[in-house]
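Protein chains in written order, with the numbering used here: chain A, 1 to 227; chain B, 1001 to 1227. Some notes on the structure that comes next.
2 protein chains.
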Amino acid sequence: MENVDSQAEKARWRGRAKPQAAEAKRAQRQQQLILAAIDCISRKGIGDTTVADIARVADMAVGSITQYFTGKDALFSAALQQMAQEFETAWRADMALAGTHDAAARLRAFLLAYFRADVCQRKKVAVWFAYWGEVRARPRYRAICAEFDLVHDTMLRDLCASLIQEGGYAELDPARTAKTLAALAQGLWLEHLTGSDGLSRDELSMHALLGLRALFPHDADAFADPA
Amino acid sequence: MENVDSQAEKARWRGRAKPQAAEAKRAQRQQQLILAAIDCISRKGIGDTTVADIARVADMAVGSITQYFTGKDALFSAALQQMAQEFETAWRADMALAGTHDAAARLRAFLLAYFRADVCQRKKVAVWFAYWGEVRARPRYRAICAEFDLVHDTMLRDLCASLIQEGGYAELDPARTAKTLAALAQGLWLEHLTGSDGLSRDELSMHALLGLRALFPHDADAFADPA
DNA sequence: TATAATTGTATGAACATTCATTCATAATTT
DNA sequence: AAATTATGAATGAATGTTCATACAATTATA
């Protein structure tokens, strides 16, 4: 991640063209490693994933890891960052689709983004929990999570505030309502991960919608289960 | 754990007394190790906790761990088992206090047990997530969790079913309502663990009560915030 | 040909486990 | 009661393994 600058610098320095292709290839290789790391973490956990595992899955040599990341830790941090970034991109996209005016529709889109097919894979959820399991011990992970949580929480609180205003839910506190919904969504992820009766993504969505209807009964229609 | 039988056997065989004291001391020593393991895991995570760490905190020799547990893994499993057992004991006790007739009061007691002072310590929540982070990778952890989840889920579903019947919430499905509440409680644990604005246990309780009131509006009184 | 990228082995640090020894207490014998 | 023997808990240094990182050799690219 930190070599991006030196790449750009080099391009400027030489004045030649090629940074396009070279940089793209470099990015693709980094991506390969990040994907492999995520895959390994989901199957073996953070503690038991070795660089050899990652190299094997990425179909690269162990030495290449140092080429693209300072070390194992940096790779793991980059993987976490990417997961967080991907999720943020996902809910932003879904919200954009829901328009800009209807607060209920936007809130619905936001919360259901948790259960998108590309987000709510068992594999990825396992990785989220692997990181959360280490978050106390590793300040770096904590910092990355905090950065994305901030914008996530702010958005959710604003959505709740809008709906509370528009829908006439004077008794609800926006911040508390938002935290409650966030907790519900993340708790459902845990259910997805550990539940013996493997709840499908659709079922998880319906649990989330049940929570939304309960909190915002006037908008039950907007939060109805999909047909 | 597996020597208990041979101990009892010996007592029977010799007819003499002493197993009392010896067994108690043994149990106390095991306890010391389990407590030390929980402490270390909460501070360093499962992956970075070494037997040396545990021995230091327990104020014992590294070799003593093998004396009481097959190995590091067995100790960790025992610690998880104990945490799960403690939690089950906690909610059972709180429910007993809530009586046997009032479904709402019992459900309230059950859910608020998540936020008892002795259960909802940051330290212990960190350990829960450390285990969940590894649960995919370690079948042993998964089995222990599944065992306790079963009785937990059954109880919660029965509670929801009772209240749905008594309170006239025909539109609610007991199983789905139960899962939703469980997810909310566990999600609030995560909030407790990672939330930058460290929510106090009281605040967490209030979030849970908000969820209960939303789902069961006829019983808002029973689920009111504490004064 | 010069430069960059890739590879896989070499290295040493970190670690869990093993085990010979010590020591306090209980059991047995005088 | 005193002396002797037996027991098994406790210890921590020794052992062998696992792993991340560094680096020298090799291959690809420009």
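C-beta atoms are modelled at their ideal positions from N, C-alpha and C, and glycine is treated no differently. What you are looking at is a predicted structure, and each value in this text was computed from that prediction instead of being measured.
Contacts of Leu1215/B in chain A (Cβ-Cβ under 7 Å)
As a working mapping, residue 1215/B is identified with position 215 in the second sequence. Going along chain A in sequence order, the residues near Leu1215/B (Cβ under 7 Å) are Ala214.
Best match in Gly1167/B, Ala1104/B, Val1125/B for proximity to Leu1156/B [C-alpha to C-alpha]:
Counting from one through the second sequence, the residue named residue 1156/B turns up at place 156. Closest in C-alpha terms to Leu1156/B, from the list Gly1167/B, Ala1104/B, Val1125/B, comes Ala1104/B.
Three-way DSSP call (helix, strand, coil) for Leu1212/B in this model
Reading the second sequence from its first residue, position 212 is the one you call residue 1212/B. The answer is helix: DSSP assigns Leu1212/B an H, G or I state.
For a contact meaning CB atoms closer than 7 Å, what does Gln186/A contact in chain B?
By one-based count along the first sequence, residue 186/A stands at place 186. Against Gln186/A, the close residues of chain B are Gly1187, Leu1190, in the order they occur along the chain (beta-carbon pairs closer than 7 Å).
Given Ala8/A, which residues of its chain have a CB within under 7 Å of its CB, disregarding the five upstream and five downstream residues?
Here the question's residue 8/A lines up with position 8 in the first sequence. Residue placement at Ala8/A is poorly supported in this model, since its pLDDT is 38, which falls under 50; the coordinates still yield a value, given next. Result list for Ala8/A: empty, nothing under 7 Å.
Among the residues of its own chain, which have a CB less than 6 Å from the CB of Ala1178/B, if the five just before and after it don't count?
As a working note, residue 1178/B is residue 178 in the second sequence. Contacts found: Leu1156, Arg1157, Cys1160.
Could you name the residues of chain A that Arg1043/B contacts, counting a contact when the two beta carbons are closer than 8 Å?
For the purposes of this step, residue 1043/B is taken as the residue at position 43 of the second sequence. Against chain A, a Cβ distance below 8 Å from Arg1043/B picks out Arg136, Ala137.
Taking the alpha helix (DSSP H) that Pro1139/B falls in, what are its first and last residues?
The residue labelled residue 1139/B in the question sits at position 139 within the second sequence. Per DSSP, Pro1139/B belongs to the alpha helix (DSSP H) from 1139-1167.
Taking CB distances under 8 Å as the criterion, tell me whether Cys145/A reaches chain B.
In the first sequence, residue 145/A corresponds to position 145, counting from 1. Interface criterion met: the Cβ of Cys145/A is under 8 Å from a Cβ in chain B.
Establish whether the CB of Lys179/A and some CB of chain B are separated by less than 8 Å.
Stepping through the first sequence from its first residue, residue 179/A is reached at position 179. Cβ-Cβ to chain B under 8 Å: yes for Lys179/A.
Continuous alpha helix (DSSP H) stretch holding Ser1064/B: start and end:
What you label residue 1064/B is simply residue 64 of the second sequence in a count that begins at 1. Secondary structure note for Ser1064/B: its alpha helix (DSSP H) is the uninterrupted segment 1062-1068.
By DSSP, does Arg116/A sit in helix, in strand, or in coil?
Residue mapping note: residue 116/A aligns to position 116 of the first sequence, counting from 1. Coil at Arg116/A, not helix or strand.
Whole-angstrom distance between Val51/A and Ala224/A, CA atom to CA atom:
What you label residue 224/A is simply residue 224 of the first sequence in a count that begins at 1. What you label residue 51/A is simply residue 51 of the first sequence in a count that begins at 1. Spanning the alpha carbons of Ala224/A and Val51/A requires a straight line of approximately 46 Å.
Between Trp1132/B and chain A, is the shortest Cβ-Cβ distance under 8 Å, so that the two count as touching?
Position 132 of the second sequence, counting from 1, holds the residue named residue 1132/B. Yes, contact with chain A.
Using DSSP with H/G/I as helix, E/B as strand and the rest coil, what is Gly1133/B?
In the second sequence, residue 1133/B corresponds to position 133, counting from 1. It is helical.
Given a cut-off of 8 Å, decide if Leu111/A and Leu212/A are closer than it, judged by their beta-carbon atoms.
As a position in the first sequence, residue 212/A is number 212, starting the count at 1. As a position in the first sequence, residue 111/A is number 111, starting the count at 1. The answer is yes: Cβ separation under 8 Å.
Would you call the stretch 1040-1050 of chain B in contact with the stretch 130-148 of chain A, where contact means no fewer than 3 C-beta pairs closer than 8 Å?
Because the criterion of three Cβ pairs below 8 Å is met, the stretch 1040-1050 of chain B and the stretch 130-148 of chain A touch.
Would you please verify whether the beta carbon of Ala126/A is less than 8 Å from any beta carbon of chain B?
Mapped onto the first sequence, residue 126/A falls at position 126. Yes, Ala126/A lies at the interface with chain B (some Cβ there is under 8 Å from its Cβ).
Please go through the same chain and pick out, in chain order, the residues whose beta-carbon is closer than 6 Å to the beta-carbon of Ala37/A, but skip the five residues on each side of it.
Here the question's residue 37/A lines up with position 37 in the first sequence. Once the five neighbours on either side are set aside, the close Cβ partners of Ala37/A are Ile54, Leu75, Ala79.
Determine the contact status of Ala182/A and Gly1187/B, defining contact as a CB-CB distance below 8 Å.
Start at 1 with the first residue of the first sequence, and residue 182/A comes out as number 182. Start at 1 with the first residue of the second sequence, and residue 1187/B comes out as number 187. In contact: Ala182/A and Gly1187/B (Cβ atoms closer than 8 Å).
Do Leu1184/B and Ala1208/B have their beta-carbon atoms positioned less than 8 Å apart in this structure?
As a first step, residue 1208/B is located in the second sequence; it is residue number 208 there, counting from the start. As a first step, residue 1184/B is located in the second sequence; it is residue number 184 there, counting from the start. Taking 8 Å as the Cβ cut-off, Ala1208/B and Leu1184/B qualify as a contacting pair.
DSSP state of Glu1235/B, grouped into three classes?
No answer is possible for residue 1235/B: the residues shown for chain B start at 1001 and end at 1227.
Residues of chain A with a CB under 7 Å from the CB of Gly1167/B: which are they?
Along the second sequence, read from residue 1 onward, the residue named residue 1167/B stands at position 167. Chain A residues near Gly1167/B: none, gap ~13 Å exceeds 7 Å.
Per-residue contacts from Ile1164/B into chain A (C-beta, under 7 Å)
Here residue 1164/B refers to the residue found at position 164 of the second sequence. Residues of chain A with a Cβ closer than 7 Å to the Cβ of Ile1164/B do not exist, since the nearest Cβ in that chain sits about 13 Å away.
Just checking my contact of Leu1210/B with Arg176/A at CB under 8 Å: how many whole Å lie between their CB atoms?
Walking along the second sequence from the start, residue 1210/B turns up at place 210. Walking along the first sequence from the start, residue 176/A turns up at place 176. Taking a contact as a CB-CB distance under 8 Å, the pair Leu1210/B and Arg176/A counts as one, their CB atoms being some 6 Å apart.
Relative to the C-alpha of Asp197/A, which candidate in Phe1069/B, Gln1082/B, Asp1153/B, Thr1066/B has its C-alpha closest?
Within the first sequence, residue 197/A is the residue found at index 197, counting from 1. The shortest Cα separation from Asp197/A among Phe1069/B, Gln1082/B, Asp1153/B, Thr1066/B belongs to Asp1153/B.
Please report how far the alpha carbon of Thr194/A lies from the alpha carbon of His1101/B, in whole angstroms.
On the first sequence, residue 194/A is found 194 positions in, with the first residue counted as 1. On the second sequence, residue 1101/B is found 101 positions in, with the first residue counted as 1. Thr194/A and His1101/B: Cα-Cα distance of roughly 32 Å.
At a Cβ threshold of 8 Å, is Asp53/A touching chain B?
As a working mapping, residue 53/A is identified with position 53 in the first sequence. Not a single C-beta of chain B is nearer than 8 Å to the C-beta of Asp53/A.
Backbone secondary structure at Asp59/A - three-state DSSP:
Working through the first sequence from its first residue, we reach residue 59/A at position 59. In the three-state reduction of the DSSP assignment, Asp59/A falls in the coil class.
Roughly how many whole angstroms lie between the Cα atoms of Cys1040/B and Glu171/A?
As a working mapping, residue 1040/B is identified with position 40 in the second sequence. As a working mapping, residue 171/A is identified with position 171 in the first sequence. Cys1040/B and Glu171/A: Cα-Cα distance of roughly 43 Å.
Does chain A have any CB closer than 8 Å to the CB of His1207/B?
Your numbering for residue 1207/B matches position 207 in the second sequence. True, the Cβ-Cβ gap to chain A drops below 8 Å.
Distance cutoff 8 Å, beta carbons only. Does Thr1194/B sit that close to anything in chain A?
Translated into positions along the second sequence, residue 1194/B becomes position 194. Yes, Thr1194/B counts as interfacial toward chain A.
Count the other CB atoms within 10 Å of the CB of Ala222/A; is the residue buried (16 or more) or exposed (fewer)?
Locating residue 222/A in the first sequence gives position 222, counting from the first residue. Only buried fits Ala222/A, as 16 or more other CB atoms lie within 10 angstroms of its CB.
Should Asp1149/B be flagged as near chain A, meaning a C-beta pair shorter than 8 Å?
Mapped onto the second sequence, residue 1149/B falls at position 149. With its beta carbon less than 8 Å from one in chain A, Asp1149/B belongs to the interface.
Exposure label - Asp94/A; buried when at least 16 CB within 10 Å:
In the first sequence, residue 94/A corresponds to position 94, counting from 1. Buried, because 16 or more other Cβ atoms sit within 10 Å of the Cβ of Asp94/A.
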